[in-house]
Amino acid sequence: NNAYDSESEQQSRKRMAPNSEIFSAMTVTESEQTTTTTTTQENYVAKRVVQIIVDLVVIIIIFGIFIGVYYGVEPKIRYFTCDESDVFYPFKEDTVPFWAVGIYATIGPVLFILVIELLNAKIINFSKKKCSLTMTERVKIYLVSIFHAISLFALGIGITLLLTEIGKRWIGRLRPHFMT
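For the sequence shown, this note's numbering puts the final residue at 174, and the numbers step up evenly by one.
Okay, structure coming up:
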């Protein structure tokens, strides 16, 4: 040992020195490894369940605020004069039906989420390595992950609806075809 080494450095060297007790304590039996893996999986699922509960609470709050804005806030009324050119455009039918927007905006992303989470949970395993989890554990992880991903998707929809509705109520412009 060097005389210039601090006491803590000397103690760390002693801890790092090869010792049969340390190496024997480091060897992990197969049953301990399985227990550790199961505990890790349970911790992962428990964390995701807590995330889902928090997501659901936030989603309920966001949609509650949306309903409050939608039914409780009166839209701003803007007056106009008949010589304003931006209210004289001809009426144009919707190019995409309203029902199609709803279907494609929800079913497309949900299918994408299902496929990606299916691959992440390794229910269908494309790699040559064997997965250490049982099929039941993988399905459990898959279901929790799907629910979490879809709850985040619903949260995004809720925030988008809320901000759009607030903007509509605050600005209150007439449609461009109002005078036609």
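Note that CB positions come from ideal geometry on N, CA and C, so glycine has one too.
Burial check for E111: the Cβ neighbour count within 10 Å reaches 16 or more, so the residue is buried.
Per DSSP, the continuous alpha helix (DSSP H) segment holding F147 begins and ends at 129 to 165. A straight line joining the alpha-carbon of L127 with that of F141 spans about 20 Å. According to the DSSP assignment, T75 belongs to no alpha helix (DSSP H), since it is labelled neither H nor E.
In the DSSP assignment, V109 falls within the alpha helix (DSSP H) that extends over 92 to 114. Each residue's CA atom was taken as its position, placing V104 and F82 some 40 Å apart. Here the alpha carbons of L108 and V39 stand approximately 18 Å from one another.
Residue burial annotation: R132 is buried, with at least 16 other C-beta atoms found within 10 angstroms of its C-beta. Look at F82 here: in three-state DSSP terms it is coil, with no helix or strand label.
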